[in-house]
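Each residue of the sequence shown is one higher than the one before, counting from 0 in numbering that gives the first Met the number 0. Backbone N, C-alpha and C define an ideal beta-carbon position, used for all residues, glycine too. Nothing here was measured: the structure is a model prediction, and the numbers come from that model.
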Amino acid sequence: MSLQELLSRLIAFSVLGGESNTSILLWIKDHIESQGVATVWVPNATGDKASLHCRIGPAVDGGLILSAHTDVVPVKGQDWDSDPFELTDTGDGKWYGRGSCDMKGFLACCLAVLPDLVKAPLKRPIYFAFSYDEEIGCLGAPELITHLQNYYSETPKYALIGEPSLLQPIIGHKGIGLYTTSVNGSAGHSSSIRKEVSAIHEAARLILWLEDKMNALASESVDERFSPPHSSLHIGLIQGGIAPNVIADKATFSWDVRVIPKDKLADIIAHFETHCRQRERELQSLFSDFKIQTEAWHAPVPPLDTHKEQDIVKLLQKINPNSVLGTVPYAAEAGQYAAAGIESIICGPGSIDQAHRPNEFVERSELDKCILLLQNLCREFSKNQ
Ligand SMILES: [Zn+2]
């Protein structure tokens, strides 16, 4: 199957983050197994989603994992010039379709080089690891990484995450956590505001506290590799109240924290929680059921902070013509692989500028370069160390 056919088959599966990905994963599994490679299916708890991994080459330490996600972001409300779930080749060197760039282009490259990998006299193994629900918070990867580490008797050393980076080796990204905070106050006539606890007023104070926290972090710790060069906190959704003359007893707001590698997300959350407990103590004299509760949307994604001296950087510089190291503002599965003790780097075809947008495309030349990179990897791993 040609690269174009592979990509077109992958794009035709309209699996969004949060939806069952078993259709696309079964197709990938069959395709890999048709090349004589055994795969391992890693289902989620309810069995409606799964990750897949496989090994090509010997069961020895020092292998490299090629990581991709099978889900894409929605197209709803976007103005596309073509069917987003059909690969469109307009003859301008670009292939259009949802996921062409993020990140089915990389997935197609992995599948395209599989016959070469199978034939090569690999001395170190190369693994495929394909996850689900990356686009809604990198939800599938932790389970997949644990499974990989437990399943194989040998220890993989590296992970290459093929997120779009124009094939620049990316050694750093911020971590992220998403939260919803609910404030339980007391209802009443607005004229009684001195006697009641407005959930909206209190939510507003908490939001300003979070903004002050960001400003404090910005003055305490910076990392110039990122823009902005500090951890950021942002409230993107607020709800509560029923009328201007009714004191709101409920208010909720949802927010995210994006941390630079040297800041600890857990410390930021712990500081906020301490402040919330203090506010509860202060206001419970007025209303005994006053409460502030914060819940995480999912496990936070840790930051990526690969150092220039690590072996994976040297490896990438050997097999990839683009050796200028970079960082990215988005969070990815790379941080999760790194947190599991696997040296990780992001390096994939296409530009993040095209990801998640209408008329998403990947340049054919980017995919060709990616194939070359993977073939160089194959050659490198076929050498005696
Ligand atoms: Zn992606």
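Cβ neighbours of residue i in the same chain (closer than 7 Å, five flanking residues each side left out)
i, result
"Ile169", "Gly325, Thr326, Val327, Ile344, Ile345, Cys346"
"Gln148", "Ala339"
"Ser22", "Phe12, Val14"
"Gly132", "The question names Gly, but residue 132 in the sequence shown is Asp. For Asp132, where only same-chain residues beyond five positions count, the Cβ hits under 7 Å are Gly16, Gly17, Lys48, Asp70, Leu138, Gly139."
"Leu5", "Ala107, Leu110, Ala111"
Among the options, the one whose alpha carbon lies nearest that of residue i
i, options, result
"Glu85", "Phe12, Pro243, Ser322, Met102", "Phe12"
"Leu166", "Leu138, Ser364, Asn43", "Ser364"
"Lys75", "Thr69, His68, Pro83", "Pro83"
"Met102", "Ser164, Ile55, Glu210", "Ser164"
"Leu63", "Ala265, Leu116, Val258", "Leu116"
"Ala250", "Ala203, Ser7, Glu133, Thr154", "Ala203"
"Ala37", "Ile55, Leu25, Asn43, Trp26", "Ile55"
"Ala217", "Glu223, Trp208, Leu209, Ser230", "Ser230"
"Ile246", "Val182, Asp80, Asn321, Ser322", "Val182"
"Val361", "Glu162, Trp296, Asp222", "Glu162"
"Leu205", "Arg278, Ile135, Asn214", "Arg278"
"Cys275", "Ala330, Leu207, Asp310, Tyr329", "Leu207"
"Asp222", "Ile259, His188, Lys194", "Ile259"
"Ala298", "Glu308, Ser287, Ala330", "Ala330"
"Gly240", "Leu314, Gly187, Trp296", "Gly187"
"Trp296", "Gln309, Asp266, Asn20, Ile135", "Ile135"
"Glu32", "Tyr150, Pro114, Gln309, Ala215", "Pro114"
Contact check, residue i vs residue j, beta carbons under 8 Å
i, j, result
"Trp40", "Lys48", "no"
"Gly71", "Gly104", "What sits at residue 71 in the sequence shown is Val, not Gly. Contact flag unset, no."
"Ser185", "Asp248", "yes"
"Ser50", "Ala128", "yes"
"Ile268", "Thr180", "no"
"Leu303", "Ala337", "yes"
"Leu110", "His30", "yes"
"Gln335", "Val312", "no"
"Ser381", "Ala119", "yes"
"Ser226", "Lys261", "no"
"Leu9", "Leu143", "no"
"Leu209", "Leu232", "yes"
"Asp78", "Pro320", "no"
"Lys438", "His270", "The structure shown does not extend to residue 438, since the chain is modelled only from 0 through 384, so no value can be given for it."
"Leu25", "Leu366", "no"
"Cys100", "Glu272", "no"
"Pro318", "Glu379", "First, the amino acid is wrong: residue 318 is Ile here, not Pro. Yes; because the gap between Cβ atoms is below 8 Å, this pair is in contact."
"Glu195", "Phe286", "yes"
8 Å Cβ shell around residue i - same chain, five flanking residues per side excluded
i, result
"Gln283", "Phe289"
"Val112", "Ile370, Leu373, Gln374, Cys377"
"Pro42", "Lys48, Ala49"
"Gly35", "Val117"
"Pro445", "Lying outside 0 to 384, the shown extent of the chain, residue 445 is not represented and no answer is given."
"Leu121", "Ile55, Gly56, Pro57, Cys377, Phe380, Ser381"
Residues of its chain near residue i, where Cβ-Cβ distance is below 6 Å and the 5 sequence neighbours each way are ignored
i, result
"Thr293", "Tyr178, Thr180"
"Cys369", "Cys108, Pro348"
"Leu65", "Cys109, Phe127, Leu159"
"Gly61", "Arg123, Lys156"
"Ser322", "Gln316"
"Ala333", "Ile160, Leu303, Ser343, Ile345"
"His146", "Val41"
Environment of residue i [buried if 16+ CB atoms lie within 10 Å]
i, result
"Leu376", "buried"
"Lys93", "buried"
"Asn383", "exposed"
"Ala67", "buried"
"Thr89", "exposed"
"Ser130", "buried"
"Ile125", "buried"
"Tyr95", "buried"
"Ile341", "buried"
"Gly171", "buried"
"Ile192", "exposed"
"Asn20", "buried"
**Report entry** Cβ pair count under 8 Å reaching 3, the segment 223-236 against the segment 191-199
**Finding:** For the pair of segments examined, the segment 223-236 was found not to touch the segment 191-199: the number of CB pairs separated by less than 8 Å stays below three.
Query raised in the report: Should the segment 174-182 be regarded as contacting the segment 347-359, the criterion being three or more beta carbon pairs within less than 8 Å?
Result: In short, these stretches do not touch, since the Cβ pair count stays below three.
Query - At least 3 beta-carbon pairs within less than 8 Å: the segment 133-147 vs the segment 241-255 - result: Taking a cut-off of 8 Å on C-beta distances, the segment 133-147 does not touch the segment 241-255, as fewer than three cross pairs fall below it.
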